[in-house]
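Undergrad: Provided herewith is a single structure, encoded as C-alpha cells, for subsequent inquiry.
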Amino acid sequence: MSKNVSVAKIIKQSELAEGIYDMVLDTPLSAEAAPGQFVALYCSDSSRLLPRPISICSADAAAGTLRLVYRVVGAGTGEFSKLSAGDSVRVLGVLGNGYPIDEARDKKVLLVGGGLGVPPLLFLAKKLSEAAGSDAAPAAVTAVMGYRNLGLRFLSEDFSAVTNAIDTSDDGSFGFHGTVVDAIKAKDLNFDIAYSCGPLPMLRALASLCADKNIKCYVSLEERMACGVGVCLGCVAKTTGVDAHSLVKNTRICTEGPVFDSRDIEW
Amino acid sequence: MTAFSTEIKIAGVTFKNPVMNASGTFGNGREYAELLDLSKLGAIVTKGVSLTPWEGNPTPRVAETPSGMLNAIGLQNPGIDKFIDRELPFLEEVRSSGTRVIVNVCGHSVDEYVSVIERLSDKPVDMLEINVSCPNVKEGAIAFGQDPDMLRDVTKACKSAAKQPVIMKLTPNVTDIKALAKAAEDGGADAISLINTITGMKIDVEKKRFLLANRTGGLSGPAIHPVAVRMVYEAAHAVDIPVIGMGGVISGNDALEMILAGASAVAVGTATFHDPDAMIRIIGEIGEYMEKHAVTDINELVGAVS
Ligand SMILES: Cc1cc2nc3c(=O)[nH]c(=O)nc-3n(C[C@H](O)[C@H](O)[C@H](O)COP(=O)(O)OP(=O)(O)OC[C@H]3O[C@@H](n4cnc5c(N)ncnc54)[C@H](O)[C@@H]3O)c2cc1C
Ligand SMILES: Cc1cc2nc3c(=O)[nH]c(=O)nc-3n(C[C@H](O)[C@H](O)[C@H](O)COP(=O)(O)O)c2cc1C
Ligand code: FES
Chain A
67 MSKNVSVAKI
77 IKQSELAEGI
87 YDMVLDTPLS
97 AEAAPGQFVA
107 LYCSDSSRLL
117 PRPISICSAD
127 AAAGTLRLVY
137 RVVGAGTGEF
147 SKLSAGDSVR
157 VLGVLGNGYP
167 IDEARDKKVL
177 LVGGGLGVPP
187 LLFLAKKLSE
197 AAGSDAAPAA
207 VTAVMGYRNL
217 GLRFLSEDFS
227 AVTNAIDTSD
237 DGSFGFHGTV
247 VDAIKAKDLN
257 FDIAYSCGPL
267 PMLRALASLC
277 ADKNIKCYVS
287 LEERMACGVG
297 VCLGCVAKTT
307 GVDAHSLVKN
317 TRICTEGPVF
327 DSRDIEW
Chain B
2 MTAFSTEIKI
12 AGVTFKNPVM
22 NASGTFGNGR
32 EYAELLDLSK
42 LGAIVTKGVS
52 LTPWEGNPTP
62 RVAETPSGML
72 NAIGLQNPGI
82 DKFIDRELPF
92 LEEVRSSGTR
102 VIVNVCGHSV
112 DEYVSVIERL
122 SDKPVDMLEI
132 NVSCPNVKEG
142 AIAFGQDPDM
152 LRDVTKACKS
162 AAKQPVIMKL
172 TPNVTDIKAL
182 AKAAEDGGAD
192 AISLINTITG
202 MKIDVEKKRF
212 LLANRTGGLS
222 GPAIHPVAVR
232 MVYEAAHAVD
242 IPVIGMGGVI
252 SGNDALEMIL
262 AGASAVAVGT
272 ATFHDPDAMI
282 RIIGEIGEYM
292 EKHAVTDINE
302 LVGAVS
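Protein sequences appear in the order of chains A and B.
Take 67 as the starting number for the first sequence in this note's numbering and just add one per residue.
Take 2 as the starting number for the second sequence in this note's numbering and just add one per residue.
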C-alpha cells in the first residue's frame, strides 16, 4: 500500500442534504482504497495549510472513482463544496488502517453509524455484500444509522440497497426515535461483531454496550491532524496499553487507526 | 547553463545542499520515504529524542491558523533506547547516500540532555541539535533557552559530553535573541539554529474554549517567516559560528531570504504538511536562482544582504 500526493479531477458533486456534499473523484487511489481508510484533501487557498481528512465512502476500482461524503463545517470544506465537474483537488492518500473485514467471516455483523460516521460504513456494507456466497461471507449484516432529523438524512437508500438497514433520528422525524444505541437495545439486535463510526458519545455508548455483552467492537476515531502520515503526533488517542510507536499510551489515529478495537481505547 | 555548487560546511561537516527538514515535522524520515527521495536532502533531522519515553500533551494538540498552525505536541517520543534500536538503522542507510543525520535532543534537566548525548557517542550520527525550548523542571519550568546563563551552562554540559558537533536550537520567545545566540557561542556551541515556534493561543469564539488542550501552542508556518528572517539576521550578526535558519520556509525564495540574512543552511518544517515535496521543490528553486543570477557557489550568498 503506498501513500502519495496526487491531483484528482472531480467527476461530479451534488448536495445530498443541507450542507452535506457527495463528491466523486477520478483517481487511481480507488484501486487501493479499503473500507475505513481515508484521504486528506488540500485547500487551494494556501493560507489554509493543512489537508482535511475525509473518509472514503466508496471506491470503484473498475471505474477508477472514489466517493467522498462530507459536511461543510468551515472554510476548507466550504471551499471543496464549490468545486464542480472538471475542477481538480490535491489529495493525500490512501491513509489509515481500515476495518478488519476478514473478522466478519461467518459472523452476525452490526454496522453502526452516526451522522458523518455513516459514509465509511457504506463502503464496508458494500464489501460485505459483495462477499456473499464466498468463504469470506458474514452470516448476516444489519446496519443501524443515526441522523439528527429528516432534513439531515443521507445515504439511506444506498444502505438499503446493500443491507438490512435501520434508521434512527434524534427527533423522531423518521425511523426509530432515539439514538442508535437505544435502537440496538430496544430491538434487542443479536450480533457478534460491531463496526462503527460516529460522534464520540455514540462510540463510547456502543463500546460500553459491547463490553457488557463481551462482543468485539471496532470504532473509527477522529482527531485534529496536521500531517496525516504519522510524523507530527498531533492526532493521538489514549490507549489502555502502551503504544508501539512511542511506548506511552498515545497512539496515532492517522497511522495505527483510525479504526481501533474498542477495548484498546481509554474511554 | 553554468555549473554551480550547493555544498555547504558546518563545523567540519559537509552537506550536499543547504536544505534539511525541521525537527518534529518529518518523523525520522522513514514515514516520508514513500513520498520523496530522502537522498536528495542535505540532512535529515530527527524528531526530538529524550532519555525516557515522553507521553506529550492531551489533545487537541494542533490547530490551523492563517498561513500557519499551532502545536502543543509536548515532544511525545519513545526515548533514546527505542530510537537507537528502531530508527537509527534506517537513518544509517540514508546516511550512506551522503545525506547527513542530525539527532534532535530534548530534556528536562542538564543530566537528561547529557545522558541522551552520551548514548549517541558511538552512533552513526553527524551532528546533534539541542532543543532548549524544553522547560527546566529544576528551575521553575522556564525554558533553558530563555535565560542566557542557563543556556550557556546547558551548552557547556552538552559540548563536553558530545562526540559530534553541537547545534543549539534557539527559541524566539525571548526579548533579545542576540544575547541568547552569544550565550550559546560562549558555551562552546558549534552552530546555532533558529527559530523554534513562537508561543501563541487560539480561542473558539462559539464555544468560548481554547482550541488546544494545552491552551498555548507554538506557532509555525509561513505566518512566522518575517519574524524568523529578522531573528536569523540578528543572531548571525551577533556570533561567528554558523547559523541554520528556519521558520515558515515554503519556497526557494523564502530559503534564499534566510541565506541572505546569514544562514548557512535552511530547515523546512510546516511546509511539508502542506506539500510533502516542499524540500525537493525548494532545492530545485534555489538551483534555478543560482543559475539565473550566475552564482557558482552558494556560500557567496550567505549573509550577502545589504
Ligand atoms: C479520519 C477522519 C475522517 C473524517 N471523515 C469525514 C467524512 O467522511 N465526512 C466529513 O464530513 N467529515 C469527516 N471528518 C471531519 C473533517 O476532517 C472535518 O470536518 C474537516 O477537516 C473540517 O475542515 P474545515 O476547513 O471545513 O473546518 P475548520 O474548522 O475551518 O478547520 C480548521 C482545522 O481543523 C480541522 N478540523 C475541523 N474539524 C475537524 C474534525 N471534526 N476532525 C478533524 N479535524 C478537524 C481541519 O482539518 C483544519 O485543519 C473526518 C475526520 C477524520 C480525522
Ligand atoms: C508539529 C511540530 C512538531 C515539532 N517538534 C519539534 C521537536 O521535536 N524538536 C524541535 O526542536 N522542534 C520542533 N518543532 C519546531 C520546528 O522544528 C521548527 O523550529 C518550527 O516549526 C519553525 O519552522 P516551520 O515554520 O518551517 O515549521 C516542531 C514543530 C511542529 C510544527
Ligand atoms: S496527523 Fe500527524 S501523526 Fe497523525
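C-beta atoms are modelled at their ideal positions from N, C-alpha and C, and glycine is treated no differently.
Which residues in the same chain as B/Ile-178 place their Cβ atom closer than 6 Å to its Cβ, once the five residues preceding and following it in sequence are excluded?
TA: Looking up residue 178 of chain B in the second sequence gives position 177. So the list reads Met-232, Glu-235 and Ala-236, once near-sequence residues are dropped.
Undergrad: Kindly say whether B/Asp-86, judged by its beta-carbon, lies nearer than 8 Å to any beta-carbon of chain A.
TA: Reading the second sequence from its first residue, position 85 is the one you call residue 86 of chain B. Answer no: the Cβ-Cβ gap between B/Asp-86 and chain A never drops below 8 Å.
Undergrad: Whose Cβ in chain A lies nearer than 7 Å to the Cβ of B/Pro-67?
TA: Reading the second sequence from its first residue, position 66 is the one you call residue 67 of chain B. Correct list: Ser-113.
Undergrad: Residues of the stretch 6-40 of chain B with a CB closer than 8 Å to any CB of chain A: list them in chain order, please.
TA: Gly-25, Thr-26, Phe-27, Gly-28, Glu-32, Tyr-33, Glu-35 and Leu-36
Undergrad: Any Cβ of chain B within less than 8 Å of the Cβ of A/Val-302?
TA: Along the first sequence, read from residue 1 onward, the residue named residue 302 of chain A stands at position 236. Yes, because at least one Cβ of chain B sits closer than 8 Å to the Cβ of A/Val-302.
Undergrad: Taking 8 Å as the threshold (C-beta atoms), are A/Ala-209 and A/Asn-230 in contact?
TA: Taking the first residue of the first sequence as 1, we reach residue 230 of chain A at position 164. Taking the first residue of the first sequence as 1, we reach residue 209 of chain A at position 143. Yes, they are a contact pair.
Undergrad: Let me check you understand the geometry: is the CB of A/Ile-120 closer than 7 Å to at least one non-hydrogen atom of ligand 3?
TA: Taking the first residue of the first sequence as 1, we reach residue 120 of chain A at position 54. No, since every heavy atom of ligand 3 falls outside the 7 Å radius drawn around the Cβ of A/Ile-120.
Undergrad: What is the rounded straight-line gap between the Cα of B/Arg-210 and the Cα of B/Ile-204?
TA: Indexing the second sequence from 1 puts residue 210 of chain B at position 209. Indexing the second sequence from 1 puts residue 204 of chain B at position 203. The straight-line gap from Cα to Cα measures roughly 6 Å.
Undergrad: Between A/Ala-74 and chain B, is any beta-carbon pair separated by less than 8 Å?
TA: To locate residue 74 of chain A, count along the first sequence from 1; it is residue 8. Cβ-Cβ to chain B under 8 Å: no for A/Ala-74.
Undergrad: What did DSSP end up calling B/Tyr-290 once you bin it into helix, strand or coil?
TA: For the purposes of this step, residue 290 of chain B is taken as residue 289 along the second sequence, with counting starting at 1. B/Tyr-290 falls in the helix class under three-state DSSP.
Undergrad: Between which two residues does the beta strand (DSSP E) containing B/Ile-170 stretch?
TA: Residue mapping note: residue 170 of chain B aligns to position 169 of the second sequence, counting from 1. Position check: residue 170 of chain B holds Lys in this sequence, whereas Ile was assumed. Taken as a continuous stretch (DSSP letters only), the beta strand (DSSP E) holding B/Lys-170 covers 167-170.
Undergrad: Would a check of beta-carbon distances place A/His-243 closer than 8 Å to chain B?
TA: Reading the first sequence from its first residue, position 177 is the one you call residue 243 of chain A. No, because no Cβ of chain B sits closer than 8 Å to the Cβ of A/His-243.
Undergrad: Could you work out which residues of chain A lie near B/Ile-204, taking near to mean beta carbons separated by less than 8 Å?
TA: Taking the first residue of the second sequence as position 1, residue 204 of chain B is located at position 203. None at all; the shortest Cβ gap to chain A is about 15 Å.
Undergrad: Among B/Thr-271, B/Gly-188 and B/Ile-193, which one has its Cα closest to the Cα of B/Ile-225?
TA: For the purposes of this step, residue 225 of chain B is taken as the residue at position 224 of the second sequence. Of the listed residues, the one whose Cα sits closest to B/Ile-225 is B/Thr-271.
Undergrad: Just to confirm my understanding: we take A/Arg-133, look at its own chain, exclude 5 residues before and 5 after, and list those with CB closer than 6 Å. What are they?
TA: In the first sequence, the residue the question calls residue 133 of chain A occupies position 67. Around A/Arg-133: Val-90, Cys-123 and Ser-124.
Undergrad: If you follow the alpha helix (DSSP H) that B/Ile-118 is part of, which residue opens it and which one closes it?
TA: One-based indexing of the second sequence puts residue 118 of chain B at position 117. 111-120 is the extent of the alpha helix (DSSP H) around B/Ile-118.
Undergrad: Considering only DSSP beta bridges, list what A/Pro-119 is partnered with.
TA: The residue labelled residue 119 of chain A in the question sits at position 53 within the first sequence. Looking at the DSSP assignment, A/Pro-119 forms a beta bridge with A/Ala-106.
Undergrad: Between the stretch 67-84 of chain B and the stretch 144-163 of chain B, do three or more beta carbon pairs fall short of 8 Å?
TA: no
Undergrad: Compare the C-beta of B/Lys-179 against all C-beta atoms of chain A and say whether one is closer than 8 Å.
TA: Walking along the second sequence from the start, residue 179 of chain B turns up at place 178. It does not: the Cβ of B/Lys-179 has no partner Cβ on chain A nearer than 8 Å.
Undergrad: When the Cβ atoms of the stretch 223-237 of chain A are set against those of the stretch 131-147 of chain A, are three or more pairs found closer than 8 Å?
TA: no
Undergrad: Can you name, in chain order, every residue of its own chain whose Cβ lies under 6 Å from the Cβ of A/Glu-288, other than the five neighbours on each side?
TA: Taking the first residue of the first sequence as position 1, residue 288 of chain A is located at position 222. So the list is empty, once near-sequence residues are dropped.
Undergrad: Opposite B/Trp-55 in the DSSP bridges: which residues?
TA: One-based indexing of the second sequence puts residue 55 of chain B at position 54. Its beta-bridge partners are B/Asn-78.
Undergrad: Using the beta-carbon of each residue, which ones in chain B are nearer than 8 Å to A/Lys-279?
TA: Here residue 279 of chain A is taken as the residue at index 213 of the first sequence, counted from 1. Within chain B, no residue comes near A/Lys-279; the closest Cβ sits about 29 Å away, beyond 8 Å.
Undergrad: Using only the alpha-carbon positions, how far apart do B/Val-126 and A/Gly-300 sit?
TA: Reading the second sequence from its first residue, position 125 is the one you call residue 126 of chain B. Reading the first sequence from its first residue, position 234 is the one you call residue 300 of chain A. Their Cα atoms are separated by approximately 27 Å.
Undergrad: Does the beta-carbon of B/His-294 have 16 or more other beta-carbons within 10 angstroms, so that it is buried, or is it exposed?
TA: Counted from its first residue, the second sequence places residue 294 of chain B at position 293. Exposed: under 16 other Cβ atoms inside 10 Å.
Undergrad: Counting only C-beta atoms, is B/Asp-278 closer than 8 Å to chain A at any point?
TA: Position 277 of the second sequence, counted from the start, is the residue given in the question as residue 278 of chain B. Residue-level contact by beta carbon holds for B/Asp-278 and chain A, with a gap shorter than 8 Å.
Undergrad: Could you pull the start and end residues of the alpha helix (DSSP H) that B/Ile-1 belongs to?
TA: Within the shown structure, residues of chain B are numbered from 2 to 307, placing residue 1 of chain B beyond reach of any answer.
Undergrad: Along the chain, where does the alpha helix (DSSP H) containing B/Lys-139 start, and where does it finish?
TA: Locating residue 139 of chain B in the second sequence gives position 138, counting from the first residue. Element bounds for B/Lys-139: n/a, residue is neither H nor E.
Undergrad: Whose C-alpha, out of B/Ala-190, B/Val-138 and B/Pro-136, is nearest the C-alpha of B/Lys-160?
TA: Counted from its first residue, the second sequence places residue 160 of chain B at position 159. Among B/Ala-190, B/Val-138 and B/Pro-136, the Cα nearest to that of B/Lys-160 belongs to B/Ala-190.
Undergrad: Which partner residues does B/Glu-65 have in the DSSP bridge list?
TA: Translated into positions along the second sequence, residue 65 of chain B becomes position 64. For B/Glu-65, the beta-bridge partners assigned by DSSP are B/Met-70.
Undergrad: Looking at ligand 2, does it come within less than 7 Å of B/Ala-214, judged from the CB to the closest heavy atom?
TA: Position 213 of the second sequence, counted from the start, is the residue given in the question as residue 214 of chain B. For B/Ala-214, the Cβ stays outside the 7 Å cut-off from all heavy atoms of ligand 2.
Undergrad: Which residues in the same chain have their Cβ closer than 6 Å to the Cβ of B/Leu-212, if we skip the five residues on either side of it in sequence?
TA: Stepping through the second sequence from its first residue, residue 212 of chain B is reached at position 211. These residues qualify, in order along the chain: Ala-64, Lys-203 and Asp-205.
Undergrad: Near A/His-311, what residues of its chain come up, given a Cβ to Cβ distance below 8 Å and the 5 sequence neighbours on each side ignored?
TA: As a working note, residue 311 of chain A is residue 245 in the first sequence. The beta carbon of A/His-311 sits closer than 8 Å to those of Gly-296, Thr-317, Arg-318, Thr-321 and Glu-322, all from its chain and outside the five residues before and after it, given in chain order.
Undergrad: Would you mind reading off the limits of the alpha helix (DSSP H) that contains A/Ile-250?
TA: Numbered from its first residue, the first sequence carries residue 250 of chain A at position 184. Taken as a continuous stretch (DSSP letters only), the alpha helix (DSSP H) holding A/Ile-250 covers 246-252.
Undergrad: Taking buried to mean at least 16 other C-beta atoms within 10 Å of its own C-beta, is B/Ser-265 buried or exposed?
TA: Position 264 of the second sequence, counted from the start, is the residue given in the question as residue 265 of chain B. Buried, by the Cβ-count rule.
Undergrad: Any heavy atom of ligand 3 within a distance shorter than 7 Å of the CB on A/Ala-303?
TA: By one-based count along the first sequence, residue 303 of chain A stands at place 237. No.
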